[in-house]
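Data first, discussion second: the structure below is written as C-alpha cells.
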Amino acid sequence: MSSSSPSTNKHALVIGGGPAGLMAAERLRAAGLAVEVCDAMPSVGRKFLLAGKGGLNLTHAEDKADFIQRYAERSPEVAHWLDRLDAEGLRAWAAGLGVDTFVGSSGRVFPSSMKAAPLLRAWLHRLREAGVRFSMRQRWLGWAADGQLKFAGEQGQERLLKPDVLVLALGGASWPQLGSNGAWLPLLAARGVSIAPLQAANCGFDLGLRRAGAEAMGWSPMFADKFAGLPIKPVALHFASAKTGRQFARQGEFVVTASGIEGSLVYAAAHLLREEIKDQGEALIHLDLLPDRSEDFVAAEVARPRGPRSLSTHLKSRLGIEGLKAGLLHEVLSKEEYKDEALLARTLKRLPLRLKAARPVAEAISTAGGVRLEELDAGLMLKALPGVFCAGEMLDWEAPTGGYLLTASMASGVLAGEGAARWALAQ
C-alpha cells in the first residue's frame with residue numbers, strides 16, 4: 001500500500017465501514033488517492049466482529065469451481081469478482097496482516113486465533129498508517145441539489161462532501177442494530193437505480209404442523225419449551241421443489257427454534273426454501289434422522305421383537321433415537337400412527353416438516369436482493385450514476401455461510417475500489 005501522502009489530488013469517499021468498504025478503501029489508497037471512510041456507527045466492522053465472535057470463518061478451502069457454484073444464479077458475476085480475490089488470495093492477504101489461517105475439518109478457513117478482532121485491528125492499523133481517514137457517526141442522507149453528498153453528524157449537524165469518486169458499501173438490512181438497515185434503498189431508487197427487494201438469506205424458518213386434525217404454526221408448547229435452542233445431528237435434509245423440480249440433499253446439523261428451525265444446514269437450502277414458499281405458500285422438507293443407516297436396516301430394527309420394553313425404549317436401545325429426535329417423531333405422528341411400525345420406520349428416514357415463512361430480514365445473517373447487478377458495469381460502477389460504485393451485501397446476490405459470503409463481499413470491494421481508482425484517475 002502507498003505511503004500516507006496521496007500521490008494525486010483526487011479524493012475518494014467510501015460510505016460503509018464493513019469488509020467490502022474497507023477493502024475498497026485499501027485499493028483506492030494503494031492507487032494513490034486520498035481516501036475517507038464514513039460510517040453511521042461509532043466504529044467500523046461491527047457486523048464483522050459479531051460474525052466472528054464464535055470463530056471467524058474467513059473463507060473456504062474447496063475447489064474453486066465448486067466454490068463458484070455456491071453463488072447459484074449469480075455464479076458468473078461473482079466469479080468475475082473472485083478473479084480479483086479468491087479464497088487463496090484472501091488467506092495470503094490475511095497473512096500480510098500477520099494473521100495465520102488454518103483449514104478446519106469441514107474445509108472452512110479460520111484465523112489461527114479463531115477471532116475477528118485481531119485481524120480487524122491489524123487491518124485498521126495498516127489503513128490508518130497508509131493515510132486512510134475515518135469519520136464515524138456520519139449518517140448519509142443522499143445528494144443535495146448541487147450534487148454534493150449530505151451527511152448528518154451525531155448531533156444532527158449537516159456536512160456536505162464532493163468527492164471525485166464514491167464507493168457505496170452500505171450492506172443489506174440484516175442485523176440493523178449494527179448499521180445495515182437498508183436506509184439507502186430510497187436514496188438510490190430516487191436516482192433511477194433498479195433495486196431488487198431485500199429478502200432474508202441465511203435465515204431460519206417458521207413451520208406449520210398438523211395437530212389435533214388441524215394446521216398449527218410452530219411446535220407444540222411442550223416441544224418448544226424442552227428443545228428450543230438445541231442442535232439436531234447428525235441429520236440429512238432433503239427438499240425437492242414442487243414447481244421447478246430443483247433438489248437439495250445434504251447431511252449436517254441445524255438448531256430447533258421456538259417456532260421452527262435454523263442453522264447451517266437450513267441456511268444452505270434457504271434460497272430454494274424461500275423461493276418455494278413464495279411460489280407455493282410452503283416448502284415441504286424431509287429429515288433423515290438416521291442418515292448413516294439404510295431404510296432396510298431401520299425397518300428391521302423397528303420391527304424387531306421388543307418383549308416387555310416400551311417402543312420408546314426399543315428405539316433408544318436399537319437405533320439411538322431419544323431426546324430431540326424422539327420428540328420430533330411425536331410432533332409429526334399421532335399416537336396411533338406412532339404404533340404403526342412401518343410408518344414409524346419410514347418417518348425415521350423421511351420425517352416431513354412444512355415450512356411456512358422465512359424469519360424476518362432483520363434476524364437473518366444476510367440478505368438477498370439489492371442493487372441489481374445489471375445496473376453495474378464490469379468495475380461495479382452504476383451505469384445511471386457515473387463515478388458511483390457499489391460493493392458488498394447491498395448488491396443483488398447471496399451465498400450460504402461457510403466463508404462464501406465474506407469472501408465475495410471482500411472481493412467485490414477489491415473490484416469496486418480498483419474500478420473507482422481507475423475512473424477517478426482518468427477524469
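For the sequence shown, full-length UniProt numbering gives the first residue as 1, with consecutive numbering after it. Glycine included, every Cβ here is placed at the ideal spot set by N, Cα and C.
| query | result |
| --- | --- |
| Segments of 4+ residues assigned as alpha helix (DSSP H) that fall wholly inside the region 127–214 | 185–189 |
| Met-217 in three-state terms, based on DSSP | strand |
| C-beta contact flag for Leu-28 and Ala-12 at 8 Å | yes |
| Extent of the continuous alpha helix (DSSP H) to which Thr-367 belongs | No alpha helix (DSSP H) contains Thr-367, which is instead part of the beta strand (DSSP E) from 366–371. |
| Gln-138 classed as buried or exposed, judged by whether at least 16 other C-beta atoms fall within 10 angstroms | buried |
| Rounded straight-line distance, which links the Cα of Ala-190 to that of Ser-113 | 45 Å |
| CA-to-CA distance, Ser-135 to Gln-280, given in whole angstroms | 47 Å |
| Straight-line gap, Ser-317 to Pro-111 (C-alpha atoms, nearest Å) | 41 Å |
| Cutoff 8 Å; reference Met-41; Cβ partners in own chain excluding five residues on either side | Gly-17, Met-136, Arg-137, Leu-178 and Gly-179 |
| Per DSSP, cross-strand counterpart(s) of Thr-59 | Val-109 |
| Beta-carbon contacts of Val-414 that lie in its chain and below 6 Å, excluding the five residues immediately before and after | Met-23, Arg-27, Arg-84 and Leu-85 |
| At least 3 beta-carbon pairs within less than 8 Å: the region 155–173 vs the region 67–86 | no |
| N-terminal and C-terminal residue of the alpha helix (DSSP H) that Ile-68 is part of | 64–69 |
| Completely contained beta strand (DSSP E) runs for the region 260–328, where each covers 3 or more residues | 260–262 and 283–288 |
| Classification of Arg-422 by the beta-carbon crowding that lies within 10 angstroms, buried from 16 upward | exposed |
| Backbone CA spacing between Leu-311 and Leu-272 [nearest angstrom] | 36 Å |
| CB contact flag (Val-44, Ser-174, <8 Å) | no |
| Gly-245, DSSP secondary structure in three states | coil |
| Closest Cα partner of Pro-231 within the set Asp-396, Leu-324, Ile-68 and Leu-405 | Leu-324 |
| Leu-382 - containing alpha helix (DSSP H), residue span | Neither: Leu-382 is in no alpha helix (DSSP H) and is coded neither H nor E. |
| Same chain, Cβ closer than 6 Å to Gly-417, five either side skipped, listed in chain order | Ala-24, Arg-27 and Leu-28 |
| Outcome for Arg-309 when other beta-carbon atoms lying within 10 angstroms are tallied against a minimum of 16 | exposed |
| Enclosing beta strand (DSSP E) for Lys-233 [first to last residue] | 231–240 |
| Counterpart residues of Ala-405 in DSSP-defined beta bridges | First, the residue type needs correcting, since residue 405 is Leu and not Ala in the sequence shown. Looking at the DSSP assignment, Leu-405 forms no beta bridge with any residue, so it has no partner. |
| Proximity below 8 Å, CB of Ala-87 to CB of Phe-102 | no |
| Among Asp-296, Arg-372, Gly-327 and Ala-228, the one whose alpha carbon lies nearest that of Gly-263 | Ala-228 |
| Backbone secondary structure at Pro-400 - three-state DSSP | coil |
| Neighbourhood of Val-298 by C-beta, 8 Å cutoff - its chain only, sequence neighbours within 5 removed | Leu-290, Leu-319, Ala-345, Leu-348 and Lys-349 |
| Simplified DSSP state of Val-99, which is helix, strand or coil | coil |
| Own chain residues within Cβ distance below 8 Å of Arg-74, not counting five before or after | Leu-373, Asp-396, Trp-397 and Glu-398 |
| Residue(s) in a DSSP beta bridge with Ala-358 | Phe-205 |
| Counted within 10 angstroms of its Cβ, other Cβ atoms place Gly-204 as buried (16 or more) or exposed | buried |
| Run of the beta strand (DSSP E) containing Leu-13, from where it starts to where it stops | 11–15 |
| For Val-35 and Arg-133, believed in contact at Cβ under 8 Å, the rounded distance | 7 Å |
| Span of the beta strand (DSSP E) around Val-37 | 34–38 |
| Separation of Glu-129 from Lys-47, as counted between CA atoms | 23 Å |
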